Amino acid sequence: MHAVRAPVAFDGGRFLAGGATVLVDGDRIAGVEPFGCELPEGCTLASYDGTVLPGLFDAHSHLVSGGSLGALERAGAASDDELDASIEASLQAQLRGGVTTVRDLGDRNYRTLAARDRRTPGLPRILAAGPPITVPEGHCHYLGGVVSGEPAIRDAIAERRDRGVDVVKVMASGGMITLGSDVLGVQFTPEHLRLLVDEVHRAGLQVLAHAHSLAGIEHALDAGVDGIEHFTGLVDGGVQVPDEVLEQVVAADVAIDPTLGFDRAAFDALPSPPPIVAKLRSSGIDLEAMQVARLAVVGRLRAHGARVVSGMDSGAAPTKRHGRIDLVLSDLVSAGFPMAEALASATSIAAHACGLAEVTGSLRTGLAADLLVVDGDLSSGPAPLSSPELVLVGGVSALP
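All the letters of the sequence shown, read from the start, carry residue numbers 685 to 1084 under this note's numbering.
This is the structure in structure tokens:
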């Protein structure tokens, strides 16, 4: 048995007065004790000056892509060996950012399921959706999840069920990086989207809908999805999400992952603005104004009592590098979330949304020893998340 001690501790829901000593026995948390407690005989101690907390979730990732310009599109033509190498590198980057659980919402050839099933000790656990389901020439069509018509929809869900996916991802609107798709409109007819959701639920799984447009959000809600990714609310000329839509989200208990965490430094380093910027401008949408409006929407989600989880869309673009979940939490704080609520969105709330609340996401006896220690007081803000000192995944030290 060994112990991790820090003067600041966050247990997944709140900061613990006076810090904590977390006892680890094998791959499990054996106890969460006061900072100055006496240790069991033979227990070794690692003492830190910063904050100890559960390992973080990135609830929206694309591990087959490293995040360079065009990398996700290139994954559509990559070999399995190339995809596996990208997955490995992406997981290592996530670890360096304190992430111990990754929910992958779009791969090629189900390679993230293969990585999940051969899970290497010390690497993050994976939840995998396989290729996202989309329409012909729709968002991320190059990842291989294209369907057309009722039989194809039923077959796609049956295939994912038989392969053992953890969740199903569907594109309810066009996307930012698939330029031929309609980012202001919807994908699928209402009847086909409802059929897809019903088939997923019949298979005992959850379905998450990609939706950037307001029309796509309403489309997904009407179909009865379990979660909405992005939730941007794009309309011609800007961002718009009426209160009645937020009320519908809360009434249906739909989990929202707004995929915040726009890396401005990475954007400024691009040699030229990506095509999506011109596409947005043609619809009267300024990127900077959109980012401000998105934070306002997320703040309103909190005010309405919606469940918000933290995912970055990591791997999708240079502004969305793996291992930068700290940028997501910083945006949540900017949107009005107290630090404890922001952290909960990437720990206990994310664990609940992913069906892992009895596995990880909290400092609680019996859960997996997924721990993060950072150099600084997280109760004062998210900056220390950029400098992890210790990452344990199932009790295994993950940092060199």
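The C-beta atom is built at its ideal place from N, Cα and C for all residues, glycine as well.
Keep in mind the model is a prediction, meaning the values are calculated, not measured.
Legend entry - Beta-carbon separation (whole angstroms), GLY945 vs ILE841, contact threshold 8 angstroms: Counting from 1 along the sequence shown, the entry for residue 945 is found at position 261. Counting from 1 along the sequence shown, the entry for residue 841 is found at position 157. Here GLY945 is actually not in contact with ILE841; their C-beta atoms are around 30 angstroms apart, not less than 8 angstroms.
Legend entry - Counted within 10 angstroms of its Cβ, other Cβ atoms place SER731 as buried (16 or more) or exposed: Residue 731 sits at position 47 when you count from the first residue of the sequence shown. For SER731, the number of other beta carbons within 10 angstroms of its own is below 16, and it is reported as exposed.
Inset, instruction - Measure from the alpha carbon of ALA777 to the alpha carbon of each residue in GLY1007, ALA977, SER1014, then state which is nearest. - result: The count along the sequence shown starts at 1 and reaches residue 777 at position 93. Ranking the options by Cα distance to ALA777, first place goes to GLY1007.
Legend entry - Under 8 angstroms between C-beta atoms of GLU913 and HIS894: Position 229 of the sequence shown holds residue 913. Position 210 of the sequence shown holds residue 894. Yes.
Legend entry - Environment of ASP791 [buried if 16+ CB atoms lie within 10 Å]: Reading the sequence shown from its first residue, position 107 is the one you call residue 791. Looking at its Cβ environment, which holds 16 or more other Cβ atoms inside 10 Å, ASP791 is buried.
Inset, instruction - Compute the distance between the beta-carbons of ALA687 and LEU723, then report whether it is under 8 angstroms. - result: For this step, residue 687 is matched to residue 3 along the sequence shown. For this step, residue 723 is matched to residue 39 along the sequence shown. In contact: ALA687 and LEU723 (Cβ atoms closer than 8 angstroms).
Inset, instruction - Please confirm whether VAL692 and VAL706 have their CB atoms less than 8 angstroms apart. - result: Translated into the one-based positions of the sequence shown, residue 692 becomes position 8. Translated into the one-based positions of the sequence shown, residue 706 becomes position 22. In this structure, VAL706 does not lie closer than 8 angstroms to VAL692 by Cβ.
Inset, instruction - Determine the contact status of ARG991 and ASP937, defining contact as a CB-CB distance below 8 angstroms. - result: Indexing the sequence shown from 1 puts residue 991 at position 307. Indexing the sequence shown from 1 puts residue 937 at position 253. Against a cut-off of 8 angstroms, the Cβ pair of ASP937 and ARG991 comes out as a contact.
Legend entry - beta strand (DSSP E) segment containing ILE841, residue limits: By 1-based counting over the sequence shown, the position of residue 841 is 157. No beta strand (DSSP E) holds ILE841; the alpha helix (DSSP H) holding it covers 834-847.
Inset, instruction - Pull up the CB-CB distance for ALA761 and ALA1034, whole angstroms please, since I reckon it's below 8 angstroms. - result: Against the sequence shown, residue 761 aligns to sequence position 77. Against the sequence shown, residue 1034 aligns to sequence position 350. That belief does not hold up - the Cβ atoms of ALA761 and ALA1034 are roughly 32 angstroms apart, past 8 angstroms.
Inset, instruction - Spell out a yes or no on whether the region 795-808 and the region 829-839 are touching, meaning 3 or more CB-CB pairs, one atom from each, closer than 8 angstroms. - result: Too few Cβ pairs lie closer than 8 angstroms, so no.
Legend entry - Exposed unless 16 or more other CB atoms sit within 10 angstroms - verdict on VAL909: Sequence index remark: in the sequence shown, residue 909 carries index 225 (1-based). Note on VAL909: 16 or more other CB atoms within 10 angstroms of its CB, so buried under the neighbour-count rule.
Legend entry - Spatial neighbours of ALA887 in its chain, beta-carbon cut-off 7 angstroms, leaving aside the 5 residues before and after: Within the sequence shown, numbered from 1, the residue matching residue 887 stands at position 203. Scanning its chain for C-beta atoms nearer than 7 angstroms, with the 5 sequence neighbours on each side dropped, one finds around ALA887 the residues ILE841, ARG845, in chain order.
Inset, instruction - Measure the alpha-carbon distance for GLY1039 versus VAL851 and round it to whole angstroms. - result: Stepping through the sequence shown from its first residue, residue 1039 is reached at position 355. Stepping through the sequence shown from its first residue, residue 851 is reached at position 167. The alpha-carbon atoms of GLY1039 and VAL851 are separated by roughly 10 angstroms.
Legend entry - CA nearest to the CA of MET996, picked from ILE817, VAL1012, GLY1050: What you label residue 996 is simply residue 312 of the sequence shown in a count that begins at 1. From the listed residues ILE817, VAL1012, GLY1050, the smallest Cα separation to MET996 is found for VAL1012.
Legend entry - From PRO815, LEU700, ASP709, residue whose alpha carbon lies closest to that of GLY1050: Taking the first residue of the sequence shown as position 1, residue 1050 is located at position 366. Here the closest residue by C-alpha is ASP709.
Inset, instruction - Under 6 angstroms Cβ to Cβ from LEU779, same chain only, skipping five residues before and after it: list those, please. - result: Within the sequence shown, the letter at position 95 stands for residue 779. Excluding positions up to five away in sequence, the list reads VAL1075, ALA1082.
Inset, instruction - For the beta strand (DSSP E) holding GLU1073, just list the boundary residues, first then last. - result: Counting from 1 along the sequence shown, the entry for residue 1073 is found at position 389. Under the DSSP assignment, GLU1073 falls in the beta strand (DSSP E) whose first and last residues are 1072-1077.
Inset, instruction - Figure out for me which residue from GLY1065, PHE872, VAL783, ILE713 has the closest Cα to the Cα of GLY822. - result: Here the question's residue 822 lines up with position 138 in the sequence shown. Checking every option, the nearest Cα to that of GLY822 belongs to PHE872.
Legend entry - Same chain only: Cβ atoms within 8 angstroms of PRO1068, ignoring 5 sequence neighbours per side: Working through the sequence shown from its first residue, we reach residue 1068 at position 384. Correct list, in chain order: GLY734, THR735, VAL1058, ASP1059, GLY1060, ASP1061, LEU1062.
Inset, instruction - Starting from THR1044, follow the alpha helix (DSSP H) in both directions and report where the run begins and ends. - result: Residue mapping note: residue 1044 aligns to position 360 of the sequence shown, counting from 1. Here THR1044 belongs to no alpha helix (DSSP H), and DSSP marks it neither H nor E.
Inset, instruction - Determine the DSSP secondary structure at GLY858, reduced to helix, strand or coil. - result: Numbered from 1 along the sequence shown, position 174 holds the residue referred to as residue 858. Three-state DSSP puts GLY858 in coil, outside helix and strand.
Legend entry - Cβ-based neighbour list, VAL923, same chain, cut-off 7 angstroms, excluding 5 preceding and 5 following: Along the sequence shown, read from residue 1 onward, the residue named residue 923 stands at position 239. Only THR916, GLY917, MET974, ALA977, ARG978, VAL981 meet the Cβ criterion.
Inset, instruction - Return the residue from the list GLY1020, VAL891, GLY833 that minimises the CA-CA distance to ALA813. - result: As a position in the sequence shown, residue 813 is number 129, starting the count at 1. If we check each option's Cα against that of ALA813, VAL891 comes out closest.
Inset, instruction - Determine, using beta carbons only, whether THR1003 and ASP947 come nearer to each other than 8 angstroms. - result: Counting from one through the sequence shown, the residue named residue 1003 turns up at place 319. Counting from one through the sequence shown, the residue named residue 947 turns up at place 263. Contact flag set, yes.
Inset, instruction - Look at the alpha carbon of SER763 and the alpha carbon of TYR794, and state the distance between them as a whole number of angstroms. - result: For the purposes of this step, residue 763 is taken as residue 79 along the sequence shown, with counting starting at 1. For the purposes of this step, residue 794 is taken as residue 110 along the sequence shown, with counting starting at 1. Those two C-alpha atoms are separated by around 12 angstroms.
Legend entry - C-beta contact flag for ALA856 and LEU877 at 8 angstroms: Here residue 856 refers to the residue found at position 172 of the sequence shown. Here residue 877 refers to the residue found at position 193 of the sequence shown. For ALA856 and LEU877, yes; Cβs fall inside 8 angstroms.
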